[in-house]
Structure formats: C-alpha cells, structure tokens
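In UniProt numbering, the protein residues as written are 1 to 214.
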C-alpha cells in the first residue's frame, strides 16, 4: 500500500524535467510558442513519451517554464504602481521589463502571444498588462506620457527588445537598458512630438485592439 503522500521526483526524473523546461525556453525563443512538442523533446534529449508524462499539454509546459518570470513581472508592475510619481513608475516598469525579457527571449515569445488555453499563464499575463495600462493612464493624466500611447506599444517595445543580439548575456542586458532609455524618450509627452502612425493590432487581449489607455 502507498501512504498517499506526494513523493519527490527521482534524480533522473528531476533531471529530465529540468532539461525539458530549459529546452522549451530555447525552442520558444527561436520558434515561438507554436513550436511542436516533439521538437522540444528532441532538444531536451528525451523521448516524447517522457515529455508528455511530465507535461501532458503544451499549456502546462508554457506555464511551468515561465512561472518564475511571471512572478518577477508581477513584482515589477506592483513596484511601478506603488510609486507616487506615475511617470517614474511607468519608466521603472519599461526599464525592468526590458531587462527581464532580455534575459529570456522564450519568455518574450510566450508573453506577447495570445495563448488562451494556458489559463494560469493568461491570468498572470492579463494581471501584468492591466497594471501597466493603469499606470499608463495615471502618467497620461499627469501630462507626462504622450496622449497617443496605446498598450500595444509596450508589446511592440518588448518584441523589438527581444531582437537584441550581443556577444554575451551581460552585453545584451547593457544594450537592453539603452534601448529602454530610447523607448522612454519616445513615450515622453512633448509639445513638438509628431503624431504616431497607426499600429496594427497585436495579439494582446488586454489592449482591446490597441485602444487608448485614457
């Protein structure tokens, strides 16, 4: 008889799980979240049956692979919302989000994609996007954020940020920080700023077709 209690994974099973998660992040970074599970299994060096035993659906794998990053994302948004100066809070979110995404391009692929079947992941993603939208509304009301800003602009920045290539992870982070500073300058309200061209709707349910945050 079994005692009915959960048991820790054996060392070989734990190793398989970690390899699968690392492989998933790498494949999602290169191919997007629509990459086939068999490709992830090949990269992890495990049989497809082993992958499906650990993660029966891709939604479970996406959620598990990026849980830590989503928690970090929440903390960044909460920190920005807590700043009494909404513009400084908005800048903090852009800076730290870019750095977070520069560290893991697979997370960017998952974050900017609509992946509604991954319910837990989508709930966490929508929490972050809703928080950013609220922070943008406050910064716009204070006259610091340009009035034609839309939430999809943040996704556009993250997508562009994910394209940074550098000679080392440290160099990629440094480049990401510079890119974030340039993006913030573009977001700043300015009386002589030219109107932005229209943005095609990105795959962001929370942005509701690129509606303004005001």
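Here a beta-carbon is modelled for each residue, glycine too, at the ideal position from N, C-alpha and C.
Residue 165 carries a coil assignment under DSSP once its states are collapsed to helix, strand and coil.
For residue 41 against residue 47, the beta-carbon gap comes to about 7 Å, under 8 Å, which counts as contact. The Cβ atoms of residue 77 and residue 132 sit closer than 8 Å to each other. The Cβ atoms of residue 161 and residue 74 do not sit closer than 8 Å to each other. Here the segment 93-111 makes contact with the segment 146-158; the two share three or more CB pairs at distances below 8 Å.
Runs of the alpha helix (DSSP H) spanning 4 or more residues and lying entirely within the UniProt domain "HTH tetR-type" (14-73) occur at 37-44, 48-54 and 58-65, in chain order. Using a Cβ distance threshold of 8 Å, residue 26 and residue 106 count as a contacting pair.
Just measuring C-alpha positions, the residue of 87, 173 and 198 sitting nearest residue 185 is 87. In this structure, the CA atom of residue 69 is about 30 Å from the CA atom of residue 189.
Classified as buried, residue 145 has 16 or more neighbouring CB atoms from the shown chains inside 10 Å of its CB. Counting only the Cα atoms, residue 173 lies some 24 Å from residue 124.
Cβ-Cβ distances below 8 Å link residue 108 to 29, 101, 158, 159, 161 and 162 in the same chain, with the five nearest sequence neighbours on each side left out; the list follows chain order.
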